[in-house]
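Working notes, structure below.
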Amino acid sequence: MCAFKAEHLLVDELDYELKIRDIMPEESTTVDKKRNLLGGALEQEAGNRSFLQISAISIPFEEQQKGISETLDSLSKKIEKFRGTVKDTEYTRLTSRLGHISARVYLLHCPTEEQEPFKKSVSLRILALEGELSRVNPIATSIPNAPVNVSSFTYSKPVQVHKWGISFAGEKQHTDVMSFLERVECLRISRGVSEEDLFAASAELFTGTAFTWFMNNRGNFSCWSDLIKKLKSDFLPYSFQDDLLDQIKNHKQ
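In our numbering, the protein residues as written are 5 to 257.
This is how it looks when you write it as structure tokens:
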């Protein structure tokens, strides 16, 4: 499942998503046809059938800054006024656009150090909007809320996975999948990181086509084990287990 849907994006947001995939429709192309093009690209990416390289590095920083700011201003106004439920179409549209802008900021290229603060500030702004949308629209439950014991909460320091010096790009041999997972597990254990905290920071472990895969599938993961299972399913060949057994047998002989 993708982090956003083409039909939920505004025209400028739609044009951006097409541009970073190097999809250049004619000027006369209607918005509906552009949505069909992007929808097709997202379907291929979700099914790991896409050969498109996603990159925003060719888009000038000033253009990106303007587009990101406009989207966040638009979302801020709409979320402030929203008083619906999770079943409302507007809620789905807002979360979809938040998924789009989160990915856009992640891909934002800052050529100079002076531009980095903008990227950090809008990242925090996105989190604030996510929190505000969640606050005004809590998920309903039939179970009475139990009294909260504040002292029972423990707060863990955010996991800085990007400092581990390890990532998976999804472009090499299948042996790299297993090597990547083994290294991550070793570092997780040695640094005392729980699977829950690692899962929360898992986006930082992927780059290139693998990051696109992660963004398209993250809605299907509820834990680190789910992510690993899907990663192996999509990046390991069907014959991997048989090949591994053959190697073990040959080694024993």
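Backbone N, C-alpha and C define an ideal beta-carbon position, used for all residues, glycine too.
Beta-carbon proximity list for Val15, same chain, < 7 Å, skipping 5 on both sides
Here residue 15 refers to the residue found at position 11 when the sequence shown is read from its first residue. Closer than 7 Å at the Cβ level, and outside the excluded window around Val15, lie Val35.
In three-state DSSP terms, what is Phe122?
Locating residue 122 in the sequence shown gives position 118, counting from the first residue. Three-state result, Phe122: helix.
Buried or exposed for Phe55, please, with buried defined as at least 16 other CB atoms from any protein chain shown within 10 angstroms of its CB.
Indexing the sequence shown from 1 puts residue 55 at position 51. Exposed, since its Cβ has fewer than 16 Cβ neighbours within 10 Å.
Of the listed residues Ser206, Asn221, Gly103, nearest to Leu189 (C-alpha basis):
Taking the first residue of the sequence shown as 1, we reach residue 189 at position 185. Checking the displayed sequence, the identity of residue 189 turns out to be Glu instead of Leu. If we check each option's Cα against that of Glu189, Ser206 comes out closest.
Using only the alpha-carbon positions, how far apart do Glu11 and Ser194 sit?
The count along the sequence shown starts at 1 and reaches residue 11 at position 7. The count along the sequence shown starts at 1 and reaches residue 194 at position 190. One C-alpha to the other measures close to 44 Å.
For His104, report the span of its alpha helix (DSSP H) as first-last.
Indexing the sequence shown from 1 puts residue 104 at position 100. 93–111 is the extent of the alpha helix (DSSP H) around His104.
Bridge partners for Phe210 per DSSP, in chain order?
Counted from its first residue, the sequence shown places residue 210 at position 206. Partner(s): Phe172.
So the alpha helix (DSSP H) Glu17 belongs to, where does it begin and stop?
The count along the sequence shown starts at 1 and reaches residue 17 at position 13. Element bounds for Glu17: 15–23.
Contact criterion: CB-CB distance below 7 Å. Does Phe184 meet it with respect to chain D?
The chain inventory of the structure shown lacks chain D, comprising one protein chain alone.
Assign Met219 to one of two classes, buried (16 or more other C-beta atoms within 10 Å of its C-beta) or exposed (fewer than that).
Residue mapping note: residue 219 aligns to position 215 of the sequence shown, counting from 1. With 16 or more other Cβ atoms within 10 Å, it is buried.
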